[in-house]
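Take the sequence shown: its position 77, counted from the start at 1, is 462 in this note's numbering, and no numbers get skipped.
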Amino acid sequence: MKVVAAFVLCMAFSLGVAALHAETMTGADSSGATAAVGNELIAFPESYRDGVHYNTIDRGSIREEMYTSEAAIAAAKSGKPLPDGTVILNEWYEDGQLTHYFVMEKRIGWGADYSEDARAGDWRFRDFHPDRSPNLSDNGTGCMACHRSQAAKDFVWTRDRMNEAK
Ligand code: HEC
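Dropping the structure here:
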């Protein structure tokens with residue numbers, strides 16, 4: 386019984402995340418923050434596929450493929466904070482079609498422009514369209530708000546999967 390309940394809870398959570406990811410896609414931002422909070426500093430990481438593919442998530446119509454650098458994987462495996470300059474890219478597919486690239490990037494000092502209750506460490510976040518142009522109606526504050534809950538894992542939900550990467 387417990388296992389079933391946990392599964393149902395897990396699914397409900399996953400769907401919630403998908404819905405919220407979808408919300409960020411349309412540029413909705415419940416934080417009330419105004420534009421230009423600095424996610425324009427994130428350029429599309431054109432060579433991300435030269436890095437490490439460390440995770441796949443498959444949940445029905447949604448599939449996610451995650452990439453980061455070898456340096457980030459090495460740090461994760463040795464229990465260190467992910468290094469300055471780390472980029473994580475999440476390819477987001479809906480019914481097999483790539484619809485978004487979600488990118489988060491960590492630079493020492495980048496969090497200082499945000500208030501303590503808004504920042505997600507030194508990470509900034511940006512949503513890119515399939516043609517790799519940025520979604521200019523999303524300033525990344527909604528992303529931070531959700532990733533903040535993962536502070537103990539350097540704000541990375543799939544941090545544990547990095548330990549298993551080859
Ligand atoms: C409602 C919560 C929520 C919001 C909002 C959100 N994310 Fe995430 N994000 C997640 C979860 C949960 C995962 C782990 C994968 C999964 O379960 O779908 C994730 C995974 C990621 C990853 C892979 C690294 C990691 O943390 O596991 C990146 C990159 C990412 N998100 C970027 C973004 C960007 C960019 C935005 C805003 C445009 C955003 N996220 C908004 C919850 C959220």
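Using N, Cα and C, we set each Cβ at its ideal position, and we do this for glycine too.
Inter-residue spacing [alpha-carbon to alpha-carbon] between LEU474 and PHE429: For this step, residue 474 is matched to residue 89 along the sequence shown. For this step, residue 429 is matched to residue 44 along the sequence shown. Rounded to the nearest angstrom, the gap between the Cα atoms of LEU474 and PHE429 is 9 angstroms.
Strand pairing of TRP477, partner residues [DSSP]: As a first step, residue 477 must be located in the sequence shown, where it is residue number 92. DSSP, once it has assigned bridges, lists GLU449 and HIS485 as partnering TRP477.
Span of the alpha helix (DSSP H) around ASP545: Sequence index remark: in the sequence shown, residue 545 carries index 160 (1-based). From DSSP, the alpha helix (DSSP H) with ASP545 extends over 544-547.
Stretch-stretch touch, CB-based, cutoff 8 angstroms, three pairs: the segment 488-508 with the segment 542-549: The segment 488-508 vs the segment 542-549: no contact.
Range of the contiguous beta strand (DSSP E) that encloses THR441: Counting from 1 along the sequence shown, the entry for residue 441 is found at position 56. Residues 437-444.
Neighbour-count burial assignment, ASP414, 16 or more Cβ in a 10 Å radius: Taking the first residue of the sequence shown as position 1, residue 414 is located at position 29. The predicted model places ASP414 with a pLDDT of 43, which falls under 50 and marks its position as unreliable, so this point remains unresolved.
Pair within 9 angstroms by beta-carbon distance, VAL488 and ASP512: Here the question's residue 488 lines up with position 103 in the sequence shown. Here the question's residue 512 lines up with position 127 in the sequence shown. The answer is yes: Cβ separation under 9 angstroms.
Within 9 angstroms, strictly: CB atoms of MET547 and THR453: Looking up residue 547 in the sequence shown gives position 162. Looking up residue 453 in the sequence shown gives position 68. Against a cut-off of 9 angstroms, the Cβ pair of THR453 and MET547 comes out as a contact.
Host alpha helix (DSSP H) of GLY527 (start-end): Along the sequence shown, one-based indexing puts residue 527 at 142. Element bounds for GLY527: 526-532.
Segment limits, beta strand (DSSP E) that includes ASP512: Locating residue 512 in the sequence shown gives position 127, counting from the first residue. Segment 508-513, the beta strand (DSSP E) holding ASP512.
Collapsed DSSP secondary structure at VAL389 in the structure displayed: As a working note, residue 389 is residue 4 in the sequence shown. Any reading at VAL389 must be qualified, since the residue scores a pLDDT of 44, below 50, and its modelled position is unreliable; no value is offered.
Any non-hydrogen atom of the ligand HEC closer than 8 angstroms to ALA460 Cβ: Residue mapping note: residue 460 aligns to position 75 of the sequence shown, counting from 1. No - the ligand HEC has no heavy atom lying nearer than 8 angstroms to the Cβ of ALA460.
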